[in-house]
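Position one of the sequence shown corresponds to residue 1 (the UniProt record's numbering), numbered consecutively onward. By construction, the Cβ of each residue, glycine as well, lies at the ideal position given by its N, Cα and C atoms.
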Amino acid sequence: MDWISPRKLRKLGILNMNRRNVDYIARYNERASYPLVDNKLKTKLAVSEYGVKTPELLQVVRQQHEISHFREMAEGLAGFAIKPAKGSGGKGITVITGRDGDDYVKASGARISVAMLERHLTNILAGLYSLAGTPDVAIVEDLVQSTPSLARYSFQGVPDIRIIIFQGYPVMAMLRLATKDSDGKANLHQGAVGVGLDVGTGRSLNAVQFNRPITLHPDTGLALENIQIESWEDMLEMASRCYEATGLGYMGVDLVVDTQKGPLLLELNARPGLAIQMANGEGLLPRLRNIEGLKRPHFSPRERVQYAMGAFGKL
Numbered sequence: 001m002d003w004i005s006p007r008k009l010r011k012l013g014i015l016n017m018n019r020r021n022v023d024y025i026a027r028y029n030e031r032a033s034y035p036l037v038d039n040k041l042k043t044k045l046a047v048s049e050y051g052v053k054t055p056e057l058l059q060v061v062r063q064q065h066e067i068s069h070f071r072e073m074a075e076g077l078a079g080f081a082i083k084p085a086k087g088s089g090g091k092g093i094t095v096i097t098g099r100d101g102d103d104y105v106k107a108s109g110a111r112i113s114v115a116m117l118e119r120h121l122t123n124i125l126a127g128l129y130s131l132a133g134t135p136d137v138a139i140v141e142d143l144v145q146s147t148p149s150l151a152r153y154s155f156q157g158v159p160d161i162r163i164i165i166f167q168g169y170p171v172m173a174m175l176r177l178a179t180k181d182s183d184g185k186a187n188l189h190q191g192a193v194g195v196g197l198d199v200g201t202g203r204s205l206n207a208v209q210f211n212r213p214i215t216l217h218p219d220t221g222l223a224l225e226n227i228q229i230e231s232w233e234d235m236l237e238m239a240s241r242c243y244e245a246t247g248l249g250y251m252g253v254d255l256v257v258d259t260q261k262g263p264l265l266l267e268l269n270a271r272p273g274l275a276i277q278m279a280n281g282e283g284l285l286p287r288l289r290n291i292e293g294l295k296r297p298h299f300s301p302r303e304r305v306q307y308a309m310g311a312f313g314k315l
């Protein structure tokens, strides 16, 4: 185990959990806005008014008797995603990528019957995956088809991009790639790969898995250098617009790039994790203080993005 002193961490500008919670989440996030980002259905409705696209909504299951309609709706679909509206950390999300006779095929390749999917919907309604264990709502979305240029780096699951937005400015970003360890999910705590992205260009900087530096994806074997995110400035602007949509001063914006529809918002997080600093090899604090020190903040998303690309770009 390699250890680093608190003094060295402070020198690197690393934001720790206590400071994040007190100085940024508690200070800049209004409690009244939390239900908006903690509920994926409310998020979809709110951001749509600000030109932020999300995966197409196929069905909302609010009551047990509505589950019977799911079987009819899904009959003609080859792929879709079932999500708990109030879930977190990817819990309860089931992604279907194909059919095998009467069974559906999950992203991991496992087969699952429609009866098992209906049981999963029941568990979602009961609150098995909700943040506080309270009754929930299930949403069924169209399947995201990741662009081949990014999909090739990920193991089974769809790669996504996390952007930290502070006061409407994109201050740090990373690409998250699914692995065998993460069971096809882009969750760093479960073993996904985090690839730091240059805010100025959208190009990869360095990569980590389980907080350890790596240069190759553990499953695909592909080098993680020189990855370029398409439509990068548009993605930053989309993430920046979520500030107006929610009023949250500090949040994580998770995006994907669909091969047909371009950048899409997956979800918002009012308590984004700190591993993004490891993926970037740099602390968040200097960038957050840069924004706090602005005497004349930029009011439009495009202006904020252009400032951030110039101030935080490294390549």
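Which partner residues of residue i appear in the DSSP bridge assignment?
{"i": "residue 83", "result": "139"}
{"i": "residue 213", "result": "208"}
{"i": "residue 174", "result": "162, 196"}
{"i": "residue 94", "result": "82"}
{"i": "residue 257", "result": "263"}
Exposed or buried, what is residue i when buried is set at 16 or more other beta-carbons lying within 10 Å of its beta-carbon?
{"i": "residue 299", "result": "exposed"}
{"i": "residue 297", "result": "exposed"}
{"i": "residue 17", "result": "exposed"}
{"i": "residue 280", "result": "buried"}
{"i": "residue 40", "result": "buried"}
{"i": "residue 255", "result": "buried"}
{"i": "residue 159", "result": "buried"}
{"i": "residue 38", "result": "buried"}
I think residue i touches residue j, with their Cβ atoms under 8 angstroms apart; what is that distance to the nearest whole Å?
{"i": "residue 173", "j": "residue 186", "result": "At roughly 14 angstroms, the Cβ-Cβ gap does not stay under 8 angstroms, so residue 173 and residue 186 are not in contact."}
{"i": "residue 313", "j": "residue 198", "result": "6 angstroms"}
{"i": "residue 222", "j": "residue 153", "result": "6 angstroms"}
{"i": "residue 71", "j": "residue 114", "result": "6 angstroms"}
{"i": "residue 316", "j": "residue 163", "result": "Given a span of 1 to 315 for the chain in the structure shown, any question on residue 316 remains unanswerable."}
For residue i, I'd like the list of residues in its chain whose CB is within less than 8 angstroms of its CB, leaving aside the five on either flank, ordered along the chain.
{"i": "residue 28", "result": "166, 167, 248, 249, 250"}
{"i": "residue 260", "result": "145"}
{"i": "residue 73", "result": "58, 59, 140"}
Who are the Cβ neighbours of residue i in its own chain at under 6 angstroms, not counting the five residues just before and after it?
{"i": "residue 219", "result": "155, 179, 180"}
{"i": "residue 191", "result": "179, 181, 182"}
Which residues in the same chain as residue i place their Cβ atom closer than 7 angstroms to its Cβ, once the five residues preceding and following it in sequence are excluded?
{"i": "residue 234", "result": "263"}
{"i": "residue 147", "result": "230, 257, 259"}
{"i": "residue 124", "result": "84, 92, 136, 138"}
{"i": "residue 315", "result": "198, 200, 201, 203"}
{"i": "residue 1", "result": "Because residue 1 carries a pLDDT of 44, less than 50, the predicted location of this residue cannot be relied on, and the following value inherits that uncertainty. Nothing meets the Cβ criterion."}
Tell me where the alpha helix (DSSP H) around residue i begins and ends.
{"i": "residue 267", "result": "Looking at the DSSP string, residue 267 is not in any alpha helix (DSSP H); the run it does join, the beta strand (DSSP E), is 262 to 269."}
{"i": "residue 287", "result": "285 to 292"}
{"i": "residue 103", "result": "It is not in any alpha helix (DSSP H) - residue 103 instead sits in the beta strand (DSSP E) that spans 103 to 106."}
What are the boundary residues of the beta strand (DSSP E) that includes residue i?
{"i": "residue 183", "result": "Where residue 183 is concerned, there is no enclosing beta strand (DSSP E), given that its DSSP letter is neither H nor E."}
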